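Protein sequences, first through last, are from chains A and B. The opening position of the first sequence corresponds to residue 13 in this note's numbering, with each subsequent residue numbered one higher. The opening position of the second sequence corresponds to residue 13 in this note's numbering, with each subsequent residue numbered one higher. These notes concern the structure reproduced below.
There are 2 protein chains.
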Amino acid sequence: MNIKAVVGRNVRRYRELKGISQEELAFDADLHRTYVSGVERGVRNPTVLIVGKLANALGVAPCKLLEYKETS
Amino acid sequence: MNIKAVVGRNVRRYRELKGISQEELAFDADLHRTYVSGVERGVRNPTVLIVGKLANALGVAPCKLLEYKETS
Chain A
13 MNIKAVVGRN
23 VRRYRELKGI
33 SQEELAFDAD
43 LHRTYVSGVE
53 RGVRNPTVLI
63 VGKLANALGV
73 APCKLLEYKE
83 TS
Chain B
13 MNIKAVVGRN
23 VRRYRELKGI
33 SQEELAFDAD
43 LHRTYVSGVE
53 RGVRNPTVLI
63 VGKLANALGV
73 APCKLLEYKE
83 TS
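Here's what the structure looks like:
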């Protein structure tokens, strides 16, 4: 699995765990909703600053968004 | 500490642990040496694809490069 897809899956997972919509996450992270959607679909190639914004809005450590778990 | 500085410190730390130069890391990651230097200095804002290339060349999981340790 490529790293963009890993980040996308993690963002979606933590967003759903938090029970918020893409709109809400986008607002909290100061990003556009379509951008968040693109990240979740593994289409976007976000920079570490964006990963930091998303992690902050999700309440997780940035490294969690790059974590690849074989079993998940 | 901002996330670019965190990534830079981690890249330098793992590179030095591996005992390779910035040139060697740049070559292995298919990046320019000045770019690797900029990442290590926390000046560059690399994308997750670049973080993946650097992690691969360093032999560590990509999430390790975003890890922030208060004590280190």
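Each residue gets a CB set at the ideal place from its N, CA and C atoms; glycine is no exception. Quantities reported herein were computed from a predicted structural model and do not represent experimental measurements.
Using a Cβ distance threshold of 8 Å, residue 64(B) and residue 17(B) do not count as a contacting pair. DSSP places residue 31(A) outside any alpha helix (DSSP H), giving it a letter other than H or E.
Under the DSSP assignment, residue 50(B) falls in the alpha helix (DSSP H) whose first and last residues are 45-52. For residue 60(A), the enclosing alpha helix (DSSP H) has its first and last residue at 60-70. With distances taken between CA atoms, residue 15(B) lies nearest to 59(A) out of 20(A), 59(A), 41(A), 29(A). At a cut-off of 8 Å, the C-beta of residue 61(B) has a neighbouring C-beta in chain A.
By the 16-neighbour rule on beta-carbons within 10 angstroms, residue 52(A) is buried. If you draw a straight line from the Cα of residue 30(A) to the Cα of residue 70(A), it comes to about 7 Å. In chain order, 60, 61 make up the part of chain A whose C-beta sits under 8 Å from the C-beta of residue 16(B). Taking a Cβ-Cβ threshold of 9 Å, none of the residues of chain B is close to residue 55(A); the smallest such distance is about 12 Å.
Nearest neighbour of residue 40(A) by Cα position, chosen from 75(A), 82(A), 66(A), turns out to be 66(A). Taking the CA atoms as reference points, residue 57(B) sits about 7 Å from residue 61(A). Secondary structure of residue 24(B) (DSSP, three-state): helix.
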